[in-house]
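Protein chains: 6
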Amino acid sequence: MSDPFFQPVSGFDLPRFAGVPTFMRLPHVSLDDPRIAEVGIGLVGAPWDSGTTNRAGPRHGPRQLRDLSTMIRAGNGATGVRPFELVNCADLGDVPPNPADLQDSLDRFTRYYSRIREAGIVPLTAGGDHLCTLPILRGLAADGPLGMIHFDSHTDLFHSYFGGSMYTHGTPFRRAVEEGLLDPKRVVQIGIRGTAYDTEDRDFAESVGIRVIAIEEFFKRGIEDVMAEARSIAGTRPTYVSYDIDFVDPAFAPGTGTPEVGGPNSFQAIQVVRELRGVNIVGADLVEVSPPFDPSGATAWLGVSLMFELLCVMAEQMAAAT
Amino acid sequence: MSDPFFQPVSGFDLPRFAGVPTFMRLPHVSLDDPRIAEVGIGLVGAPWDSGTTNRAGPRHGPRQLRDLSTMIRAGNGATGVRPFELVNCADLGDVPPNPADLQDSLDRFTRYYSRIREAGIVPLTAGGDHLCTLPILRGLAADGPLGMIHFDSHTDLFHSYFGGSMYTHGTPFRRAVEEGLLDPKRVVQIGIRGTAYDTEDRDFAESVGIRVIAIEEFFKRGIEDVMAEARSIAGTRPTYVSYDIDFVDPAFAPGTGTPEVGGPNSFQAIQVVRELRGVNIVGADLVEVSPPFDPSGATAWLGVSLMFELLCVMAEQMAAAT
Amino acid sequence: MSDPFFQPVSGFDLPRFAGVPTFMRLPHVSLDDPRIAEVGIGLVGAPWDSGTTNRAGPRHGPRQLRDLSTMIRAGNGATGVRPFELVNCADLGDVPPNPADLQDSLDRFTRYYSRIREAGIVPLTAGGDHLCTLPILRGLAADGPLGMIHFDSHTDLFHSYFGGSMYTHGTPFRRAVEEGLLDPKRVVQIGIRGTAYDTEDRDFAESVGIRVIAIEEFFKRGIEDVMAEARSIAGTRPTYVSYDIDFVDPAFAPGTGTPEVGGPNSFQAIQVVRELRGVNIVGADLVEVSPPFDPSGATAWLGVSLMFELLCVMAEQMAAAT
Amino acid sequence: MSDPFFQPVSGFDLPRFAGVPTFMRLPHVSLDDPRIAEVGIGLVGAPWDSGTTNRAGPRHGPRQLRDLSTMIRAGNGATGVRPFELVNCADLGDVPPNPADLQDSLDRFTRYYSRIREAGIVPLTAGGDHLCTLPILRGLAADGPLGMIHFDSHTDLFHSYFGGSMYTHGTPFRRAVEEGLLDPKRVVQIGIRGTAYDTEDRDFAESVGIRVIAIEEFFKRGIEDVMAEARSIAGTRPTYVSYDIDFVDPAFAPGTGTPEVGGPNSFQAIQVVRELRGVNIVGADLVEVSPPFDPSGATAWLGVSLMFELLCVMAEQMAAAT
Amino acid sequence: MSDPFFQPVSGFDLPRFAGVPTFMRLPHVSLDDPRIAEVGIGLVGAPWDSGTTNRAGPRHGPRQLRDLSTMIRAGNGATGVRPFELVNCADLGDVPPNPADLQDSLDRFTRYYSRIREAGIVPLTAGGDHLCTLPILRGLAADGPLGMIHFDSHTDLFHSYFGGSMYTHGTPFRRAVEEGLLDPKRVVQIGIRGTAYDTEDRDFAESVGIRVIAIEEFFKRGIEDVMAEARSIAGTRPTYVSYDIDFVDPAFAPGTGTPEVGGPNSFQAIQVVRELRGVNIVGADLVEVSPPFDPSGATAWLGVSLMFELLCVMAEQMAAAT
Amino acid sequence: MSDPFFQPVSGFDLPRFAGVPTFMRLPHVSLDDPRIAEVGIGLVGAPWDSGTTNRAGPRHGPRQLRDLSTMIRAGNGATGVRPFELVNCADLGDVPPNPADLQDSLDRFTRYYSRIREAGIVPLTAGGDHLCTLPILRGLAADGPLGMIHFDSHTDLFHSYFGGSMYTHGTPFRRAVEEGLLDPKRVVQIGIRGTAYDTEDRDFAESVGIRVIAIEEFFKRGIEDVMAEARSIAGTRPTYVSYDIDFVDPAFAPGTGTPEVGGPNSFQAIQVVRELRGVNIVGADLVEVSPPFDPSGATAWLGVSLMFELLCVMAEQMAAAT
């Protein structure tokens with residue numbers, strides 16, 4: 043079992059509505075804290091949404107996700123995994139953005155995630171909009187391009203917006219491929235749907251070898267079949283998992299900026315994560331939770347439930363690798 | 043490709059939150075505008091709910107639907123159809139109701155839709171409550187009774203309410219059959235469910251030959267089978283499509299006056315529209331979106347997503363017929 | 043047909059938004075009313091939530107459920123059952139709690155339900171949190187332990203909270219088994235999911251013979267198969283039905299204190315009730331609707347729809363038994 | 043002291059969230075109830091808003107006002123009046139509207155209030171929109187025109203809307219003067235403000251002698267001075283009091299269809315009612331509370347607080363007159 | 043009277059909930075429209091909030107303000123001014139921002155307002171956050187520094203944020219003074235309050251001669267006295283009026299990103315605008331309305347009410363100058 | 043200046059939406075932390091509402107207050123006080139309640155506040171309901187009865203509820219006087235209003251010498267005069283300040299369980315705190331903020347603004363005493 047210091051506070055001892063809210067009631071250990079060296083998985087908030095092209099709000103995501111995460115208990119009722127006993131987990135706090143300067147924020151994020159990688163910590167990030175994933179990949183892909191399993195209703199593969207702006211939440215994976223952070227042959231995008239500007243993003247995906255699985259195919263083939271393919275694409279090499287909450291149908295996740303109807307329900311949303319067992323995950327994120335569009339926190343509750351499922355898979359894998 | 047004048051503003055050029063909101067960012071062309079003659083499909087708002095027997099609100103539907111419709115892009119990601127390139131589409135504005143005089147409103151609507159028909163425009167209407175469909179049918183059925191494919195949780199086939207009131211949102215299709223606007227043999231109602239006053243509506247349906255498909259049958263047989271039957275009932279002659287948002291489960295469409303639990307999800311809600319390909323549609327509507335009961339606009343977002351799917355089917359058919 | 047006095051007011055006569063709201067627009071007949079002797083099924087409000095360990099609110103459930111219940115009509119559209127014509131139904135009002143004294147409330151509830159049982163009335167209760175079910179069982183299980191079919195995402199079988207508190211909404215069925223109110227061999231819990239403190243509750247279930255059907259098994263086997271087993275477990279002897287609204291996915295039932303994602307949709311939520319036909323039901327409840335967490339009333343609307351389905355099954359059974 | 047039957051349930055005995063909600067927890071005594079003859083002041087719901095020209099919703103007012111009214115206690119903390127001990131008060135239920143037929147509703151209301159007058163009951167009505175006051179006056183003004191003290195941000199004195207519709211919530215007092223229900227010389231309108239279509243209403247007021255006190259004058263002179271004039275205008279003969287909740291600033295009363303900024307605060311809103319002492323009130327109403335635009339019930343809470351203040355003044359006067 | 047083309051649609055003719063929503067139901071005349079030459083006052087939307095340091099949202103302000111502005115009628119009930127009859131007014135649409143590039147947006151705004159100035163139009167802008175005012179001033183101050191009367195709870199005079207970012211909604215007037223767009227001796231800031239980082243902004247104000255009137259002084263001296271001083275400071279030369287909605291107390295204007303309690307009420311908020319009569323206004327704005335933080339639109343309703351009061355003062359002055 | 047460790051994080055460095063939310067962005071120092079000895083003023087959360095007789099929710103108060111408190115800056119704009127530079131302030135975390143056992147919670151609280159007193163820390167508590175103040179007083183009044191300045195709309199002086207329950211949020215000060223924790227001659231209650239059960243509380247106040255200032259007297263005399271009397275009643279001996287957020291009008295503080303209309307506005311709410319300068323404050327609280335009834339956080343924002351004003355007065359006094 044991991045260090046008692048790293049165990050979450052139990053709801054049997056302190057009611058869930060009490061206490062300063064850290065992610066899953068874990069200890070708060072910043073990168074400058076001496077105990078940082080003991081951390082295996084770091085939960086990080088990325089409160090930034092300067093890449094958002096329509097409805098802003100994900101900058102408030104980490105705080106609401108922390109709040110709702112106090113309802114997470116220590117064990118996974120379905121799989122039996124108890125992640126906090128397998129790996130030392132901690133809340134690392136938030137990476138500090140500069141909301142008034144997009145490029146400065148990109149640099150701050152990159153430096154922050156480089157430090158995480160250098161500390162040997164596997165990050166599980168709570169966004170923030172999807173542009174956050176670009177500097178995370180810049181920080182993590184130091185040893186060569188990563189694979190990626192990507193759940194989303196959008197490809198985020200466009201070239202630019204508004205007459206040339208190359209850094210928005212619709213472009214991070216175009217940039218990541220161009221910069222050599224991702225190996226397109228090892229990238230799969232699952233759940234794509236909604237109306238389309240044009241086919242530029244799909245054409246790019248095809249040209250570089252990214253596999254795009256539209257929602258119609260997803261529902262037709264079923265989760266097990268699709269995820270087997272996803273694992274096969276990612277292979278055994280280091281892989282990043284990026285989960286945009288708008289992958290899920292907006293009835294289950296209303297609090298997001300660019301919802302697309304016709305998506306998976308919450309049970310399916312969980313199942314795809316459980317099917318990640320065995321993937322060599324070097325980092326993961328849950329992005330685009332936008333509290334101003336869901337004051338009740340329902341979306342954040344689904345979001346932290348998904349983060350916990352990701353954590354279980356990551357902890358199990360790390361414990362097995364030890 | 044259709045006239046550039048009739049192309050919607052792109053979110054790549056002007057952010058989606060900017061600009062005066064017309065339906066799908068199309069040009070606003072009123073019936074008195076010289077360019078009305080070039081319009082093939084007219085998007086019309088019907089802000090009227092005097093037929094509502096319980097919770098009013100659909101009078102505010104068109105405005106919220108216009109607002110949310112700014113998030114629609116130019117192409118259908120699943121079917122590839124780009125309706126605005128196939129047919130000249132425009133926002134015709136709202137048909138003017140008289141909220142203080144039900145009969146006057148019925149007459150105003152009838153005259154308005156007669157003009158639309160005479161102008162050779164196929165209307166796609168955003169309600170308003172379901173009584174709106176009665177004067178629309180009065181305006182469109184000039185050449186004999188129409189067929190109808192009707193998605194709803196209620197039959198709207200009752201005779202009268204409150205001691206004799208014959209014009210409410212629970213009676214439009216009873217009136218339409220009585221007035222010879224609909225050919226009951228070519229009418230199918232899909233998704234019926236919820237508690238029942240009595241069987242008067244079902245008895246009427248049976249007596250005149252309207253086909254009623256309850257939600258249990260719908261789920262059991264599946265969408266493809268049910269919609270094949272629906273297309274067969276409608277046949278090749280002119281058919282109207284009426285889509286009450288309460289067809290969809292209230293988790294996906296909370297903003298409506300008479301929700302009934304146990305309905306289709308949003309993916310299924312879309313699929314039934316895509317199965318309308320080939321139907322000879324002379325008009326369609328999406329009704330009963332009630333913004334006061336869904337301030338977040340989630341219901342309107344589903345509503346405009348469905349309107350776009352309807353538009354794709356209609357445009358494809360019209361382009362093929364040319 | 044039952045007494046006209048016991049028929050609900052029709053929405054054809056008085057609009058659904060009018061009138062003092064009783065459950066399903068039934069007459070209000072308190073336990074002290076002379077006509078109480080004629081009542082077959084009593085709808086009771088249990089406005090109490092002192093057992094809630096996290097987010098309070100179900101104390102407000104009965105009032106909101108009454109409000110939304112005015113949208114229920116007299117017949118079941120799917121099964122054709124018209125319960126108010128089969129059995130005299132009435133709104134008995136609320137059992138009076140003492141929100142400042144947990145043990146006093148337990149005693150008040152027990153006495154109240156003892157009177158109901160003695161009056162030969164079958165209670166259908168609207169909670170309140172799940173601790174309410176404990177004193178209901180104390181009142182009803184006078185002739186020996188009951189069976190129970192229990193829909194929930196939690197087992198509510200824990201021993202104690204907060205250093206020894208034995209009466210919370212996480213413990214009622216542990217107490218009920220210990221007190222001999224339930225026969226654990228005739229208890230089945232359906233829909234269990236979510237994160238877990240530990241396996242203490244599951245271990246207890248196994249040790250006493252309670253059957254726990256997790257949500258994964260539920261989805262895999264399907265409703266008909268699971269419910270056939272449930273009926274078999276309950277057998278023909280007296281059985282209580284307890285329905286925690288958090289059995290349903292929070293997209294369909296957001297207004298509850300401890301939601302767990304990944305649950306059934308509203309159609310499935312209804313179907314399990316319809317599969318209770320033939321069970322010897324001596325009482326039922328619908329608990330944990332929490333209006334402060336769902337001001338729109340969507341959860342209460344689902345709740346009263348489920349109460350109506352329960353009522354149909356109960357009335358049909360009682361009419362058949364006569 | 044009045045009959046114990048007519049005393050409200052105390053929050054010391056039954057918590058305020060418990061019980062079927064009647065107005066101020068009073069007994070429900072319909073016009074057909076034998077005990078109706080003992081009632082001195084009748085609280086009536088008028089769930090009707092067919093006269094609303096913009097945002098509907100007041101049809102839901104009575105139910106929400108009843109809900110919030112359970113927080114009213116038995117005594118007036120400031121004046122010491124305990125109305126329920128002075129006069130027998132009861133909740134008479136709702137006057138039944140026909141939401142699909144405006145003229146039928148007007149007739150139903152008129153007959154209902156005629157019966158109230160004939161029963162010797164003084165009505166305190168919870169609207170509904172302001173058109174409700176017209177048939178109330180028709181029912182009450184059997185012995186000649188009444189005076190009126192009217193709190194509102196609008197005069198409601200327009201002739202017609204939408205090309206001739208003479209019955210909307212913007213016209214009731216024009217009709218009432220024309221029909222001889224009100225003596226314009228004994229009518230005062232207080233709090234008028236907001237933008238104006240034109241001066242037609244003000245011109246009419248001036249031509250018939252209605253005194254209009256704009257909000258600027260109200261604030262400048264102060265409540266005591268203005269209300270002294272109001273009492274002087276009403277004189278000692280029978281007077282009706284009509285209180286539109288939009289008299290109050292929308293920060294205090296957001297839930298209404300036509301709010302106008304720049305109004306009185308809630309303390310001032312109460313003070314004007316207390317200054318009605320001594321007026322010969324034969325009926326009063328509180329209208330235009332619109333729950334769909336204030337789900338939290340804040341407006342209804344102010345509304346019932348004002349109804350209680352009205353009730354205190356009315357009860358004190360009736361008790362003094364005995 | 044002005045051209046009939048420029049008259050708003052009346053609510054007597056078309057209900058206020060109907061029609062495509064332009065500002066105050068005025069015609070939509072873009073800068074490229076031939077009729078732009080006839081426009082005297084242009085209402086402009088500035089949907090941009092990239093300068094926001096905490097809670098974003100004002101990018102959605104113009105759309106919600108247009109929606110609520112449909113409730114504005116043609117005349118000012120208090121002052122009698124009918125602005126649309128005095129000056130040709132039009133909705134010019136929105137100035138197009140680039141949400142992904144702050145400097146590009148500043149340039150786009152500057153060019154847009156330069157064109158407005160060159161067209162001889164006086165702009166009344168609906169923001170957007172307060173950084174919008176900087177490029178507006180750049181566009182308008184072509185002939186030398188302007189005076190400014192500024193209503194706000196913050197001075198917006200800071201030098202920089204987040205380690206050097208000089209363009210945020212906390213810095214526009216520091217920049218405007220530095221760039222020579224404002225004459226600090228002719229600038230007055232009214233309503234300042236709330237907690238403070240430090241005194242850097244106040245020190246700057248003092249050093250350049252900007253007059254800061256804190257809320258305590260405002261309440262103590264009264265509106266007439268304060269506004270007389272404000273008019274005196276502005277003098278007779280060209281003056282800009284900038285109105286941050288957070289000047290008003292958050293009970294009246296909750297929908298804003300940085301509310302400060304203890305502000306004026308809505309009546310006072312209006313009175314200060316009426317006291318601007320006689321000021322030589324060359325442009326005005328109402329900024330910081332943030333719809334995500336006020337879904338009900340109460341803040342936008344106050345905002346458009348204030349815009350109408352500004353419009354009345356501006357139109358009266360322009361008509362007098364002709 | 044105080045220790046840099048105890049300075050809050052600046053919004054100039056880290057945006058206000060970022061970071062784990064502690065009270066006012068202060069360091070989190072629990073009672074077991076070695077640095078606790080350096081703390082002068084401790085901000086404590088009291089997440090408990092078991093004393094609430096109607097609408098629960100204040101258990102969630104501390105978390106929402108912490109969230110909103112991140113918008114507090116380091117200095118008081120009006121008084122110039124910079125409390126964090128005068129006294130070492132820290133967030134002590136939450137006192138742990140037992141939501142299932144009222145007496146156990148009372149004991150836990152008493153022990154916790156005894157420790158605070160023994161550590162020489164002056165507590166500023168964020169409730170929680172008003173029953174929390176009883177065990178706080180038990181913990182603090184070790185050296186004899188305290189004086190109290192109490193802002194509230196209720197006296198909270200009742201004897202018991204629900205047939206004898208002596209511990210609710212309507213009874214704490216009755217108990218405190220009976221237990222000798224308060225010296226009634228040095229207690230003043232300000233702002234009392236609303237409807238009344240009876241005069242039992244007022245009679246008790248009079249019998250023991252508590253001074254009750256009703257809201258009518260408060261408005262009539264003005265803040266300066268009333269507060270001068272309050273300071274005189276409290277005198278120079280140790281005094282506790284208890285601030286129930288329902289002292290403020292519900293338009294400014296909607297999120298509370300028992301609102302009473304007709305209260306002070308937010309400017310007045312602040313002014314009364316500033317008038318506490320010179321009082322010998324040994325502890326203070328801000329109670330009854332109920333997030334479920336104000337999801338937007340407006341009430342919490344007012345609440346933390348008031349806590350900051352209290353902190354300024356307390357810090358100034360402590361610094362002066364050194």
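Chains as they are written, first to last, in this note's numbering: chain A, 43 to 364; chain B, 43 to 364; chain C, 43 to 364; chain D, 43 to 364; chain E, 43 to 364; chain F, 43 to 364.
Don't be surprised by glycine CBs; every beta carbon is placed ideally from N, CA and C.
List the residues that DSSP assigns as beta-bridge partners of residue i.
i	result
Val86/C	Gly135/C and Thr167/C
Asp286/C	Val329/C
Thr371/F	Past the edges of chain F, shown from 43 to 364, lies residue 371/F, and the structure says nothing about it.
Over what stretch of residues does the alpha helix (DSSP H) that includes residue i continue unbroken?
i	result
Ile312/A	Ser308 to Arg316
Ile257/D	Ile257 to Arg263
Met349/B	Ala340 to Ala363
Excluding sequence positions up to five away, which residues of its chain have a Cβ less than 7 Å from the Cβ of residue i?
i	result
Asn322/F	Thr278, Arg279, Pro280 and Thr281
Leu199/E	Phe215, Arg216, Asp243, Phe246 and Ala247
Give the C-beta separation of residue i and residue j to the nearest angstrom, bearing in mind that I take them to be a contact with Cβ-Cβ under 8 Å.
i	j	result
Ala184/B	Arg159/B	6 Å
Val254/C	Ile275/C	Wrong, their Cβ atoms sit about 11 Å apart, outside the cutoff.
Could you give the first and the last residue of the continuous beta strand (DSSP E) run that contains residue i?
i	result
Arg124/F	Note, Arg124/F: premise wrong, no beta strand (DSSP E); not H, not E.
Near residue i, what residues of its chain come up, given a Cβ to Cβ distance below 8 Å and the 5 sequence neighbours on each side ignored?
i	result
His102/E	Pro89, Ser332, Pro333 and Pro334
Could you pull out every residue in the same chain whose Cβ sits closer than 6 Å to the Cβ of residue i, ignoring the five residues on either side in sequence?
i	result
Tyr154/A	Val137
(message) Quick check for students: name the residue ranges of the beta strand (DSSP E) that lie wholly in the segment 178 to 234 of chain F, counting only runs of 3 or more.
(response) Restricted to the segment 178 to 234 of chain F, the beta strand (DSSP E) segments that are unbroken, complete and at least 3 residues in length are 188 to 193 and 224 to 234, listed in chain order.
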